[in-house]
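K.L.:
Sequential numbering of the sequence shown, starting at 1, is according to full-length UniProt numbering.
Idealized CB from N, CA, C, for every residue including glycine.
Pasting in a structure now, in structure tokens, and then I'll have a few things to ask.
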Amino acid sequence: MENQTVKAQTVVAFGEPLEERISELHRPTGKQVLVRVHSCGLCHSDLHFHEGHLNLGGGNSLPLAALGVNLPFVLGHEPFGVIVDFGPEAGLVEADRGRPVIVYPWIGCGDCEYCNRGLDHQCGSPQVIGMQQPGGQADHLLVREPKFLIEARGVDPLLAGPYACSGLTSFSALKKLDGRQDQWIAIIGAGGVGMMALAIAKGSGFQKVAVVDVNDERLKVAADQYGADLTINSSTPDAANRLREATGGLAGVVDFVGAPATAEFALDQLKTSGKLVIVGLFGGEAHVSLPLLAIRQVSIAGSFVGSLDEMVELMTYVRAGAIKPIPVQEVPIGEVNEAIQLLRAGKVNGRLVLTHD
């Protein structure tokens, strides 16, 4: 193999600067596959992982220790790289060496009812890349088996990794609105994930997409660059009436904020048999009339990342050129601490991607 060591930017203390550490590179055994990492997205979730907790919204948090994440550990759940080695039971051949892949990070225990149904992301004993398992801020990754490697030939190396997080999260949420492609839907929140969702919605067949946000600049980008059919600034007094008049009621809403105000706004806009999908974790409590849920036949669903099958399906759209690329800001891996501060300060346009030498 080309190297005998792994270089990793490592969380050694929560909230403190990452440190570069070098360790022995282990050869893959069994079904394992060794991936040399080219790039890895830096996500807002990484900020919470770096601080030592998951943000549950509403001022609540879950310590990473409760999820089996122990110091030191290596961040990075949006890795893209190439196959450099594999174990004897991986089922790969010499021609697979050098093949570009996205690592599906939401890996489960491999032996529960969810994992056996292909729903690793719902596993109660997760082995997520970048949390319980070393992530893409290391220059090499050992992946448990090749089924977690997504074909990435023809995909921009800088864009590839973020599809495993913001892309998959958006796609899985939109899949919950299947059958509504020819009806009005809305995306609430035009931040990085919301804009990715708009690009995916327009590229995967949704014909009437409204975008709701409080920032006129973001709404202009949504309309001019990503094809939003309607934009509404929800901070204006007549926002609800204008949206209802323009759409006649929404068949579905994906809420990337997840606050009481956005959830209640969305429910009020749904027409009979409409569906609200909540993704955002801002938190709080929404007041819902239970009888009206039944009478109007509306439904509420939660959505968190997505399945391996959904990731594979998403990438068929990406490789076909159907999904408009989002802006990417490239930062060398050695500047990861500066990148974390940029992201925390909200000074990143689009997605921030770390690149290895």
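What is the residue span of the beta strand (DSSP E) that N116 lies within?
P.N.:
Per DSSP, N116 belongs to no beta strand (DSSP E); it is in the alpha helix (DSSP H), 113–116.
K.L.:
Spatial neighbours of V305 within its chain, please: CB distance less than 8 angstroms, with the 5 preceding and 5 following residues excluded, ordered by chain position.
P.N.:
W106, H121, C165, L168, T169, S172
K.L.:
Report yes if the C-beta distance between L149 and V33 is below 9 angstroms; otherwise report no.
P.N.:
yes
K.L.:
Out of F14, V328, R97, C40, which one is the CA nearest neighbour of M196?
P.N.:
V328
K.L.:
Taking G274 and A251 to be in contact with their CB atoms under 8 angstroms, please state how far apart those CB atoms are, rounded to whole angstroms.
P.N.:
5 angstroms
K.L.:
In this structure, what does DSSP give as the bridge partners for T231?
P.N.:
Per the DSSP secondary-structure output, T231 pairs in a beta bridge with V211.
K.L.:
Measuring alpha carbon to alpha carbon, tell me which of A13, V214, V211, E24 ends up nearest H48.
P.N.:
A13
K.L.:
Cβ-heavy atom distance between G98 and the ligand NAP below 8 angstroms?
P.N.:
As for the ligand NAP, it is missing from this structure, which has no ligand bound.
K.L.:
Just curious, the alpha helix (DSSP H) that I313 is in, first and last residue?
P.N.:
One detail in the question is off: residue 313 reads as Glu in this sequence, not Ile. Note, E313: alpha helix (DSSP H), 308–319.
K.L.:
Hey, out of F265, S39, V103, whose CA is closest to I188's CA?
P.N.:
F265
K.L.:
Determine which residues share a DSSP beta bridge with T355 and list them.
P.N.:
S39, P332
K.L.:
Between I185, H140, K147, P79, which has its C-alpha nearest D156's C-alpha?
P.N.:
Nearest option by C-alpha distance: P79.
K.L.:
Going by DSSP, name the residue or residues bridged to K347.
P.N.:
K347 pairs with nothing; no bridge assigned.
K.L.:
Would you decide whether P162 is buried or exposed? Buried here means 16 or more other CB atoms lie within 10 Å of its CB.
P.N.:
buried
K.L.:
For A223, which residues in the same chain have their Cβ closer than 7 angstroms to its Cβ, ignoring the five residues on either side in sequence?
P.N.:
T231
K.L.:
Give me, in chain order, the residues of the same chain whose beta-carbon lies closer than 7 angstroms to that of T262; leave out the 5 immediate sequence neighbours on both sides.
P.N.:
I188, D255
K.L.:
What is the DSSP secondary structure of residue 400, reduced to helix, strand or coil?
P.N.:
In the structure displayed, the chain extends from 1 to 357; residue 400 sits before or after that span and is not available.
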